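For the sequence shown, the working numbering assigns the number 30 to the initial residue and increments by one for each residue that follows.
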Amino acid sequence: MAKPIPEMPSSVFVALVGRPNVGKSSLTNYLVGEKVAIVTQKPQTTRNRITGIITKGPVQYVLMDTPGIHAARNKLDARMTQTAAASLKDVDVTMMLFEPAGEFTEAEKTMIAALQKGGPAIAVINKVDLLDSFAALEQRKRQLQDFGCFDAVVAVSAKDGTGCEELFALLKPYGNEGPHYFDDDAFTDMPEKELVAELVREKALLFLREEIPHGIAVVVERFKERPDKDLIDIDVEIYCERKSHKGMIIGKGGQMLKKIASAARQDVEELLGVQVNLQCWVKVREDWRDKEQMLNALGFAKP
């Protein structure tokens, strides 16, 4: 009996797009099996394109989690929306995530129009764990099929994993034969310093009041392993837009900053597998979200 011909190595590049808070980062983290994208209940948590990598035998899946598509209120917002749109050009297939019910936003309609001009794409209805009506789900599926730009319409829950593993079989046919771009054991292409900065920003988003978090940026200024022991010293600067915001981030007697740093340190130690000495400072950079020079300096590259 003839031996089966082994599958050739291939790679599938996938953009995850959709409105803010639709669950792109949660789905990325679930599929990767590691935390590569920060997740909060607040919209616009993801700012840059974050890559998650999963290698299953000969096939390597490269997921690009993009910022939520929304109306731009400042130069940072504009760059985020451009990053999401530019991702469509760089990939083999787009997965567009949708809420299980409700009206489509103008930004969603614009993205669907772009996919109608240039696919291929798969529609993913997330948060099906919240639905109590099968009829509502079927109605949503029909709405998405009627757009005519999706090769498949599927329902998942990034929260409990329903339907998520099946996505790999759907994505596999879009792959291109050739050597893998990343090591088979890699789970992201983000440098450790960027992952640390994102974890600090996540805790600030979780603990601070609504108006402050989007006005902060986090930069790792020092990341140094001690030669004499298994410990990494990390210095982090948190930039905010107002003096009054600085006071709120530090908190009474430094309590808020301590809370942010302590929660971030636990996640960073889990990520790096080593003890961490994490020090955080807060600095004011007025209106940095509308200053091209500051956006460039803080690493928000133009797509």
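Note that the Cβ used here is the ideal one computed from N, Cα and C, for glycine as well. None of these values were measured; they are calculated from a predicted model.
| Check | Outcome |
| --- | --- |
| Touch test, the segment 181-188 against the segment 196-212, Cβ-Cβ under 8 Å, three pairs minimum | yes |
| Whole-angstrom distance between Ala215 and Cys309, CA atom to CA atom | 28 Å |
| Nearest-angstrom Cα separation, counted from Gly282 out to Gln168 | 53 Å |
| C-beta contact flag for Val43 and Val157 at 7 Å | no |
| Segment contact flag, the segment 263-272 with the segment 202-212, C-beta cutoff 8 Å, min 3 pairs | no |
| Ile261 versus Gly244: straight-line alpha-carbon distance, rounded | 28 Å |
| Limits of the unbroken beta strand (DSSP E) element including Ser162 | From DSSP, Ser162 is part of no beta strand (DSSP E); its letter is neither H nor E. |
| Rounded C-alpha distance that separates Gly62 from Ile82 | 10 Å |
| Val248 versus Asn50 - alpha carbon distance | 24 Å |
| Val303 burial status per 10 Å Cβ neighbour count (16 or more: buried) | exposed |
| Nearest neighbour of Glu223, chosen from Glu137, Ala246 and Tyr203 [CA to CA] | Ala246 |
| Buried versus exposed call for Asn205 [16 or more other C-beta atoms within 10 Å across all chains shown] | exposed |
| Which of helix, strand or coil DSSP assigns to Thr255 | Reading off the sequence shown, one finds Arg at residue 255, where the question assumed Thr. In this structure, Arg255 counts as coil in the three-state DSSP scheme. |
| Cβ neighbour criterion (16 or more within 10 Å) applied to Ala164 | exposed |
| Check whether Ala290 and Leu307 have beta carbons under 7 Å apart | yes |
| Thr139 - containing alpha helix (DSSP H), residue span | Glu135 to Lys146 |
| Per-residue DSSP class, three states only, for Glu315 | coil |
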